[in-house]
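K.L.:
Mind having a look at this structure? Questions to follow.
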Amino acid sequence: MKENNDKLRICVATSTRADWGLLEPLARCLRSTTGVELLIVATNMHLMPQFGMTVDEITEAGFEVAARVPMEAEGDTEASRVRAMACCMAGMADALERLRPDVLIVLGDRYEMLAVASAAAVMHVPIVHIAGGEISEGANDDSFRHAITKLATLHLTATEPYRRRVIQMGEEPDRVVNTGAIGVWNALNITPLPVADLEAFLNFKIEGERVAIVTYHPATNETELTPAEATRQLLAALDAFPELKCVITYPNNDAGGASIIRLIEEYAAAHPDRVRAVPSLGMRRYHSLLRHAALVVGNSSSGIVEVPSYGIPTVDVGIRQRGRLAAPSVIHCGVRTPQITEALAAALASDFNGVENPYYKPDTLRLMADAVLEFAAGLPARPKHFYDLKQ
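Quick note: the sequence shown uses this note's numbering, first residue -2, plus one each step.
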């Protein structure tokens, strides 16, 4: 047990605009708790100018970044990502040795988070894992997520089926908590920006327009098309709807991501009247823009988890998110232009206002914070045991 006069040193690791947007409310809640010292470690895309240097979004939100762990990938190949993971592990060893956290919070399924969690596990730092038990068969992230689950001690899942799946993987039931998805809490609680601010940021009109938010990441298990080929198919489908204004955000930095960025920048330059390419919207701009959007297009998990709470459709392209629970407002389609065009037409002709979101649960933020604080207050954690399901 921690001594009464010792602060709990709770570390939050973040590597992308996406996970920080989800983690920020939890970080803010924990920081405001008496007896907690919050430590933020930023790595990967946060520290890359070509992706918007989004570590600045963390500091501009009033947080101090306790450690920065660079892991620039030289090249756009799988091998370059492995070398970046090795760099991340080495940097995390230095950060954890210096910061000495009692608990490390990680979210999701990315390759750099596997490196972060691996370093923490070797150094006996207990891990809290958010969003385990999910399936996304179209990307390597699926395996990384399950690997992180086995390294972690406390699990905060987004749905009850995901909770059961984590238990099925041998995790003890009293350490697996269904909190609902924090992204849905964001959707329902973030104060939106005025539309004029969004229009000034994007330098084009939104109000009264049909707007699509488009994000396409490399589907690392996709064999039908390369990331660049799949992106060309998607952009050709968007051409079938010239009345649709498109805000296209950059992909993540998985292998193949650089080729996608080149294509969307060229597409935006060729269609300046209706297309904007943006490295990062940030959480508040993204959720504010969703309030004015007609639909979301691409293969981001946000389209599955958060967007249904806005009552607008998601066109989920390809296999990247295959296996996730999805609301009726999520329209799945293949990666070829005719398939995407058909799905876009169906989405634009549908009304999904009031659809039930399977990722919603009341008071998600408080459930998460309470679970983390109860776990941290009870340290040192008992050793993990494999939990066998009853036959």
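Backbone N, C-alpha and C fix where the C-beta goes; we use that ideal spot for every residue, glycine too. Keep in mind it's a predicted model, so treat the numbers as computed, not measured.
1) Using only alpha-carbon positions, find the residue among LEU241, THR223 and PRO359 that is nearest to ARG333.
2) Is VAL113 a contact residue of the ligand ADP, with contact defined as CB to any heavy atom under 7 angstroms?
3) Nearest-angstrom Cα distance between ARG288 and ILE301?
4) Would you identify the three-state DSSP class for ILE257, choosing helix, strand or coil?
5) Taking only three categories from DSSP, how would you classify ALA39?
6) Does the distance from the C-beta atom of ALA112 to that of LEU148 stay below 8 angstroms?
7) What residue from MET365, ASN250 and ALA178 has the CA that sits closest to THR217's CA?
8) With distances taken between CB atoms, is the gap from LEU370 to THR30 smaller than 8 angstroms?
9) Here's a check: name, in chain order, each residue in its chain whose Cβ is nearer than 6 angstroms to the Cβ of ARG14, leaving out the five neighbours to either side.
10) Quick check for students: name the residue ranges of the alpha helix (DSSP H) that lie wholly in the segment 46 to 127, counting only runs of 4 or more.
11) Mind checking GLN388: buried by the 16 CB within 10 Å criterion, or exposed?
12) Whole angstroms are fine: how far does the CA of ALA118 sit from the CA of ALA87?
13) Just to confirm, is the Cβ distance from THR146 to GLY135 under 8 angstroms?
14) How is the beta strand (DSSP E) around ALA10 delimited, first residue to last?
15) Can you give the beta carbon distance from HIS284 to ILE187, rounded, assuming they're within the 8 angstroms contact cut?
16) Can you find the residues in the same chain that come closer than 6 angstroms, C-beta to C-beta, to PRO189, ignoring five residues on each side of it along the sequence?
17) Work out the CA separation of ILE261 and ARG229 for me, nearest whole Å.
18) Over what stretch of residues does the beta strand (DSSP E) that includes LEU278 continue unbroken?
19) Quick one: what's ARG207 bridged to in DSSP?
20) Please report the distance separating the alpha-carbon of ILE423 from that of TYR213.
21) Out of GLY308, ASN296 and GLU69, which has the shortest C-alpha to C-alpha gap to PRO409?
22) Going by other Cβ atoms of all chains shown within 10 Å of its Cβ, with 16 needed for buried, is THR220 buried or exposed?
23) Pick out whichever of GLU263, GLU61 and PRO46 has its Cα sitting closest to the Cα of GLU69.
24) Under DSSP, the beta strand (DSSP E) around ASP385 begins and ends at which residues?
25) How should GLU168 be labelled, buried or exposed, when 16 other C-beta atoms within 10 angstroms of its C-beta is the threshold for buried?
26) Please state whether the Cβ-Cβ distance between MET110 and PHE141 is less than 8 angstroms.
27) By the three-class DSSP mapping on this structure, what secondary structure does LEU370 have?
28) If we count the other Cβ atoms within 10 Å of its Cβ and call it buried at 16 or more, is LYS202 buried or exposed?
29) Quick one: is PRO123 buried, meaning 16 or more other Cβ sit within 10 Å of its Cβ, or exposed?
30) Are the segment 352 to 367 and the segment 335 to 342 in contact at 8 angstroms, needing three or more beta carbon pairs?
31) Can you tell me which of the three DSSP states ASP360 falls into?
32) Go ahead and label PHE60 buried or exposed: buried means 16 or more other beta carbons lie within 10 angstroms of its beta carbon, across all protein chains shown.
33) Below 8 angstroms on the Cβ atoms is my contact criterion, and I expect ILE37 with ALA63 to pass it. Report the Cβ-Cβ distance as a whole number of Å.
34) Compute the Euclidean distance between the alpha carbons of ARG6 and GLY375, then round it to the nearest angstrom.
35) How long is the line joining the alpha carbons of GLU226 and ARG80, rounded to whole angstroms?
36) Could you tell me if ALA373 is buried or exposed, where buried requires 16 or more neighbouring beta carbons within 10 angstroms of its beta carbon?
P.N.:
According to the structure shown:
1) THR223
2) Judged by which ligands are present, the structure shown has none, so any question about the ligand ADP falls away.
3) 16 angstroms
4) helix
5) strand
6) no
7) ASN250
8) yes
9) THR51 and SER277
10) 52 to 57, 75 to 96 and 108 to 119
11) exposed
12) 13 angstroms
13) no
14) 5 to 11
15) 5 angstroms
16) SER285 and ARG288
17) 9 angstroms
18) No beta strand (DSSP E) holds LEU278; DSSP gives it neither H nor E.
19) LEU241
20) No answer is possible for residue 423: it lies beyond the span of the chain, which begins at -2 and ends at 388.
21) There is simply no residue 409 to check, as the chain begins at -2 and stops at 388 in what is shown.
22) exposed
23) PRO46
24) From DSSP, ASP385 is part of no beta strand (DSSP E); its letter is neither H nor E.
25) buried
26) yes
27) helix
28) exposed
29) buried
30) no
31) coil
32) buried
33) 6 angstroms
34) 13 angstroms
35) 26 angstroms
36) buried
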